[in-house]
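Counting in the working numbering, the sequence shown runs from 665 upward without gaps. Each residue gets a CB set at the ideal place from its N, CA and C atoms; glycine is no exception. Here the structure is a predicted model, which is why all the values come from computation and not from measurement. Here's the structure, in structure tokens; my notes come after.
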Amino acid sequence: MDRLRQIGFLGLGTMGQGMVANLLAAGYDVCGYNRTPGRASALVAAGMLEARAPQDCVERADIAILCVADDSAVRAVALGPEGVVASLAAGSVLVDTGTTSLAMTTELADACSDRGVRFVDAPITGSKLGAQRGALTFMVGGAVPDVEQLHPLFQAMGRHVVHVGEAVGAGQSAKYCLNMTQSVVLQGVLEGYALAGRLGVRVEKLAEIFENSAGKTGVGSFKTPYLFNGDFTPHFRLALMHKDLHLALAEAHRAGIPLPAASATCHIYDQSVAEGLGDEDFLAVAKLVERWAGVQLRPCDPS
């Protein structure tokens, strides 16, 4: 792919900021748009053009990238007479890096097909730090030629590109499985710490055991230092993990697959959101675990 081709990037939130910064650093020309104003100043200083409307963002773009939160956000910026799809030229590519329902993904792909626009679903994982460091993983669904053409673009923002399949929604399906697994595993880690605390085992000792046994997990290793520091600054908002759990369970229901651990975890996220934790990192489910167990999931001064 010509590195000088124009990119329209829609969604300058927690992930989009880092992704655009890395595209600019790699020499791409980027025009960005965000529904909430005031997030583009640093990127504009780095060379991004800022658009006032979705259609302005992509009017000269060969590639449009969506990085928005949910179905309603996709519909707001991508569909309709003044949306991204209607504004892209035939032969261009729309890449959706957010996590949305399979119904929304199919609707978006169909709208693209009607306009002669190629569509690739490529949800991401790696959190805010991964976006900033260009270390994301892309789970990609799309035609082989399109994915191959986009590969340099993905590599400018990430380290791993996994082509899940050519079917529409293949990337989204993989993302549901990933986030469902991460949430369930983290819940297990937190409950392990809770039991340790009630049994008189210092949580930092259990963390050391986890790190040097089959109990070691990626999400546990990443989140434990933040937990021990009481830092719930969002790298991935709890509200988004809550949404993704519901997406995964909806597909499991359609497939007739019982997922008891995921279902139980989803109830905990339901309560976390109801208690106002949605804008914190998904690690904030630890606050409920602490309250229920009557222990603090952080190291204490042994004296």
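Query raised in the report: Which residue's Cα is closest to the Cα of E812: G822, H827, A799 and G798?
Result: H827
Query raised in the report: With distances taken from CA atoms, which of K869, A689, V804 and G744 is nearest P963?
Result: Comparing Cα positions, the closest option is K869.
Report task. Can you tell me which of L713, A767, S791 and L772 puts its alpha carbon nearest to the alpha carbon of V741? Result -> L772
Requested in this report: Give the secondary structure of M803 by DSSP, where H, G and I count as helix, E and B as strand, and everything else as coil.
Outcome: Of the three classes helix, strand and coil, the one that applies to M803 here is strand, per DSSP.
Report task. Only counting runs of 4 or more residues, tell me where the alpha helix (DSSP H) segments fall wholly within the region 721–766, in order along the chain. Result -> With a minimum length of 4 residues, the continuous alpha helix (DSSP H) runs that stay inside the region 721–766 are 735–742 and 748–751.
Query - Candidates M905, A858 and A926: closest to V959 by CA position - result: A858
Report task. Within its chain, find whatever has a CB closer than 8 Å to the CB of G822; leave out the 5 residues flanking it on each side and keep chain order. Result -> Excluding residues within five positions, the ones whose Cβ falls inside 8 Å are I788, G790, G794, G798, A799, L800, T801 and F802.
Query raised in the report: Which two residues bound the contiguous alpha helix (DSSP H) that contains F874?
Result: V867 to E875
Query raised in the report: What span of residues does the beta strand (DSSP E) with H824 cover, start to end?
Result: G822 to G829
**Report entry** Residues bridged to Q670 [DSSP beta-bridge criterion]
**Finding:** D693
Query raised in the report: Can you tell me whether DSSP reads R782 as helix, strand or coil?
Result: strand
Report task. Would you list the one or two residues that DSSP bridges to E714? Result -> DSSP output for E714 lists G696 as bridge partner(s).
Query raised in the report: Tell me the DSSP bridge mates of R901?
Result: D945
Report task. Would you be able to state if there are at least three C-beta pairs under 8 Å between the region 684–695 and the region 742–756? Result -> no
Report task. Reducing DSSP to helix, strand and coil, say where I932 ends up. Result -> DSSP places I932 in helix when its eight states are reduced to three.
Requested in this report: Report, in whole angstroms, the separation of the C-beta atoms of D785 and G835, which I expect to be a contact under 8 Å.
Outcome: 4 Å
Query raised in the report: If you drop the 5 nearest sequence neighbours on each side, which residues of the same chain put their C-beta closer than 7 Å to that of H899?
Result: Taken in chain order, the residues that qualify are S791, K792, L793 and D945.
Query - Anticipated Cβ contact below 8 Å, D735 with S765, distance rounded - result: 6 Å
Report task. Within the same chain, show all residues whose beta-carbon is closer than 8 Å to that of R667, passing over the 5 residues directly before and after it, in chain order. Result -> For R667, the predicted structure reports a pLDDT of 45, less than 50, and the residue's modelled location is therefore unreliable. The matter cannot be settled from this model.
Report task. Let me know the secondary structure DSSP gives T770 once reduced to three states. Result -> When DSSP states are grouped into helix, strand and coil, T770 belongs to the helix group.
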